[in-house]
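In my numbering, the protein residues as written are 117 to 276. For reference, the structure discussed in these notes is given below.
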């Protein structure tokens, strides 16, 4: 079994931050949806119901964040001599020979957390990683070495 030359994990806080805001927005929308129904029916919104809803939503909120964190903790990218593999919910890999160009991108959350995305193809991106510029340079070097080795192998076959 081949060992990876390099391994990198996505930033857990960067991955959880958007999830946190989505859940908080849904939580607020749900609470106000229940409150509006009571208001439109001209009923009093009892304090015990408010406390119950907030308690349940907070428990669900933190449970979902814990589940997401446990999943994200297992995510990692491994760099081999001929491919990159992503171990997440399912294994994804891309061969260096399939990479035409390496690009990087950042969004507002990446700017906040000092992370970025390395785009290897339309279907394979290394997301939410710190030092994404260094990873891009490292990948360029790996691809260059891979192509040089392939060229050397090809010329050796031609010489036989």
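Glycine included, C-beta positions come from ideal geometry on N, C-alpha and C. Keep in mind that this is a model prediction, so the values were computed, not measured.
Fill in: Per-residue burial, residue 172 [other beta carbons within 10 Å of its own, 16 or more giving buried]
exposed
Discussion item. For residue 154 and residue 123, what's the separation of their Cα atoms in angstroms?
Written reply: 53 Å
Worksheet item: Quick one: what does DSSP say residue 249 is sitting in, helix, strand or coil?
Response: helix
Discussion item. Quick check: the Cα distance between residue 268 and residue 208, rounded to an integer number of angstroms?
Written reply: 28 Å
Practice prompt. Determine, using beta carbons only, whether residue 127 and residue 245 come nearer to each other than 8 Å.
Written response: yes
Item to complete: Within 10 angstroms of the Cβ of residue 202, are there 16 or more other Cβ atoms? Answer buried if so, exposed if not.
Response: buried
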